[in-house]
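*Asks:* Everything in the sequence shown is counted per numbering that gives the first Met the number 0, starting at 0 for the first residue and increasing by one. Okay, handing you the structure first.
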Amino acid sequence: MYPELDAERARLAFARRSRDRMVERLQHVDPQSAADEITSEYIEMTVAEALDDLCSPGAGDFFGRIDVDSERWYLGRRHIEDDEHDPVVVDWRAPIAAPFYRATGADPLGVGLRRRFTLDEGEIASYFDEHLDDPDAADVASGIPDPVLAEIGAERTGAMREIVATIQAEQDLVIRAPIDQVLVVQGGPGTGKTAVALHRAAYLMFEHRRRLARDGVLVIGPNRAFLDYIANVLPSLGERSVRQCTVVDLCVPKVEIRGVDDTPTAVRKGSATILDELAAAALDAVTPPPDDVVVPLGARRVVFSAAEIAEWLSRAAVAVIPINQRRQRLRAIAGQELLRRTGRDDAWPDAGPLRRALDKAWPSQQPVRLVDRFLAERFEGHRGRRRAWSVADQLLVDEANSLLNGPPQAYGHVVVDEAQDHSAAALRVIGRRSPATSMTLVGDVAQSTAPGGQERWDAVFDALATGVRPALRTIAALSIGYRVPEPVLVEANRLLPFTGVDTTASRSVRTGGPPPRWSTTSSTSLAADVANVVGELKHRHRLTGVVAAPRRHEALAAALAAAGFVTVDHVHQLGHDDVPLFGPEQVKGLEFDGVVVVEPDEIFDGTARGARLLYVAMTRAVQELAVVGTGSADMMELCSSSSG
């Protein structure tokens, strides 16, 4: 059945020996032989990183092969070469690898044969061939080959995996897109947009190594659980020098966040309008003196009129430098006028009244104090040392710091997941980190649920702090779902008309799988019945999670504990009896083999946001979805009752 199996196994063994030889050569490199200490340190660091790369799991393996004209190329996660430095395995990011992902029977891109390998316990167990130079051949896949579907549908481990062996053509086009643009990737549940964004970061670091090694790469996730979930993807691809954090982690200076804004307040604080108001408030602190300023210099009295100083303030205020730095421009203007009046270049130290008047007219401002004063004027109970700062307040502090003291640390490329959930204020925080406007933002407007979140991608472009020229704005769509089984996705897609956004329903390549299971119970039995359903699903799927409104978590945790389970708030490194329990707002971006959604009509409360939250909750399932509630057991009835 596999006539070349022995030859391919021999090739794999040779690739691993070549990897071992590369390791040996690197281990014999002596950094101390360099001409100077700086070069020695650079060599030592470079060698250490290369050794770490080559010693990672699967570094000498390959997952695919393409025959292009008379040449044969094996594709893997790392570049492997022989003793003559000829490639044995090419890195999946190399240009020659692109046809492996994009070639089709209709457009083979010069590929005669594409072969996909299946490894079992470190040995090649089988391979799947496509003869792309013969579109009539029986083995040319009309869809996604079975080995790829098997990998896509494999059980989850609680951590996101790299997908280099299963990248599809529409995903590869996004991954290899040019670096100098703001690229928005719109994709429904399970289209792989998060994985694509991370693989794009890895590709750009490979393609633009020197530039991004200097300027860095930043990955922004929605919360800590999500960051833990994706933490191993880039290291598994050989990229470790990437900062992964939330937007709040970026903000400077820090305030202690203890408060939670109600929805209307959070929306207003996150709006573009309030950012304009904050900028105006920062300049409102600049006030001309009420009276003329008299400067005694020996026997002379030099008089500067209030109107004259007001004109200085206006001239200094129109500068583009940070507001606190404009104070120095004001002093320079005043110093020049003092020199003109007196003819003395040493008069400034003796001009105390003028210096004090200017300091009072244009005081140095602190970001936290500015925001505290600003909020106190607009929101009741928002002033004082004891007041509780919220996330939205922290974003405004970062805005104020940029206005007053200048931009923060910037990065060569910024990746943002769940971009649709960021307010205008949050997007400004993000945009300041990429003055070169090199960004990848991924999300789904149908899953926009945060207060102040975005329902149109044009609004995202407009909100970024640096402004994005139309020529640099790109929107790419991922329309094919790979994670969510078709029966689950079809049911969830019925919610799209109620989300209030214009989006296209995703379609799944995974046509099999059981339909969602709907169970109706009483309010008194709800928690216990959820625990029973969790037990049934967990028997088949170790990674089974529960999604419910936060107010139900305490009762659900107690019922699950009575059934022998332990509720946790993470998805990685789970114990045997651990069951992740999340609210619909927190589960976004995560995935489980089995999902139990509790009280769907409580999540879908008749609002567009409720429809989006239930859409998110239902589309976390990779294998099975169960819904337990006290109301309707049919999604169509639920939708109809809500719309009425």
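Every residue gets a Cβ at the ideal spot worked out from N, C-alpha and C, and that includes glycine.
1. Grab me the residues of residue 244's own chain with a C-beta within less than 8 Å of its C-beta, minus the 5 sequence neighbours each way, in chain order.
2. Alpha carbon to alpha carbon, how far is residue 286 from residue 45? Give it in angstroms, no decimals.
3. So the candidates are 291, 90, 187, 271; which of them puts its Cα closest to the Cα of residue 458?
4. Decide if residue 510 is buried, meaning its Cβ has at least 16 other Cβ atoms within 10 Å, or exposed.
5. To the nearest angstrom, how far is the alpha carbon of residue 371 from that of residue 420?
6. Buried or exposed: where does residue 37 fall if 16 or more other Cβ atoms within 10 Å of its Cβ makes it buried?
7. With the cut-off set at 7 Å, would you say residue 422 and residue 269 are in Cβ contact?
8. Quick check on residue 514: buried or exposed, where buried means 16 or more other Cβ atoms within 10 Å of its Cβ?
9. Which residues in the same chain have their Cβ closer than 7 Å to the Cβ of residue 389, if we skip the five residues on either side of it in sequence?
10. Within its chain, find whatever has a CB closer than 7 Å to the CB of residue 107; leave out the 5 residues flanking it on each side and keep chain order.
11. Ignore the nearest five residues each way along the sequence and tell me which others in residue 571's own chain have a CB closer than 7 Å to its CB.
12. In chain order, which alpha helix (DSSP H) runs of at least 4 residues are fully inside the stretch 286–326?
13. Within the same chain, show all residues whose beta-carbon is closer than 6 Å to that of residue 475, passing over the 5 residues directly before and after it, in chain order.
14. Quick check on residue 405: buried or exposed, where buried means 16 or more other Cβ atoms within 10 Å of its Cβ?
15. Where does residue 129 land, buried or exposed, given buried means 16+ other C-beta within 10 angstroms?
16. Around the Cβ of residue 415, are there at least 16 other Cβ atoms within 10 angstroms (buried) or fewer (exposed)?
17. At the level of alpha carbons, what is the spacing between residue 22 and residue 488?
18. Per DSSP, what are the beta-bridge partners of residue 65 in this structure?
19. Extract the residue ranges of the beta strand (DSSP E) inside the stretch 590–616, only unbroken runs of 3 or more that lie entirely within it.
20. CB-CB under 7 Å to residue 33, same chain, minus the five flanking residues each way: which ones, in chain order?
21. Taking DSSP's pairing of strands, which residues face residue 518 in a bridge?
22. Are the stretch 581–590 and the stretch 438–452 in contact at 8 Å, needing three or more beta carbon pairs?
23. Hey, how far is the Cα of residue 628 from the Cα of residue 621?
24. Could you give the first and the last residue of the continuous beta strand (DSSP E) run that contains residue 90?
25. Check whether the stretch 340–356 touches the stretch 235–251, counting contact only when three or more Cβ pairs, one atom from each stretch, lie closer than 8 Å.
26. Which residues share a DSSP beta bridge with residue 244?
27. Which stretch, first to last residue, makes up the beta strand (DSSP E) that contains residue 193?
28. Just to confirm, is the Cβ distance from residue 123 to residue 8 under 7 Å?
29. According to DSSP, is residue 389 part of a helix, a strand, or is it coil?
30. Considering only residues of the stretch 396–480, which uninterrupted alpha helix (DSSP H) runs meet the minimum length of 4 residues and lie entirely inside it, listed in chain order?
31. Which residue from 31, 176, 116, 573 puts its Cα closest to that of residue 437?
32. Specify whether the stretch 530–549 and the stretch 593–607 touch according to this definition: at least 3 beta carbon pairs, one from each stretch, less than 8 Å apart.
33. Return no unless some Cβ of chain E is closer than 7 Å to the Cβ of residue 266.
34. Figure out for me which residue from 191, 275, 578 has the closest Cα to the Cα of residue 507.
35. Using DSSP with H/G/I as helix, E/B as strand and the rest coil, what is residue 251?
36. Where do the N-terminal and C-terminal ends of the alpha helix (DSSP H) with residue 169 fall, by residue?
*Replies:* Once the coordinates are examined:
1. 217, 218, 219, 220, 226
2. 55 Å
3. 271
4. exposed
5. 25 Å
6. exposed
7. yes
8. exposed
9. 256, 258, 259, 260
10. 131, 132
11. 157, 158, 227, 228
12. 305–316
13. 173, 184
14. exposed
15. buried
16. buried
17. 46 Å
18. 72, 113
19. 591–597
20. 39, 42
21. 627
22. yes
23. 21 Å
24. 86–90
25. no
26. 219
27. Here residue 193 belongs to no beta strand (DSSP E); instead the alpha helix (DSSP H) covers 192–206.
28. yes
29. coil
30. 423–431, 456–462
31. 176
32. yes
33. Protein chains in the displayed structure number just one, and chain E is not present.
34. 191
35. coil
36. 168–174
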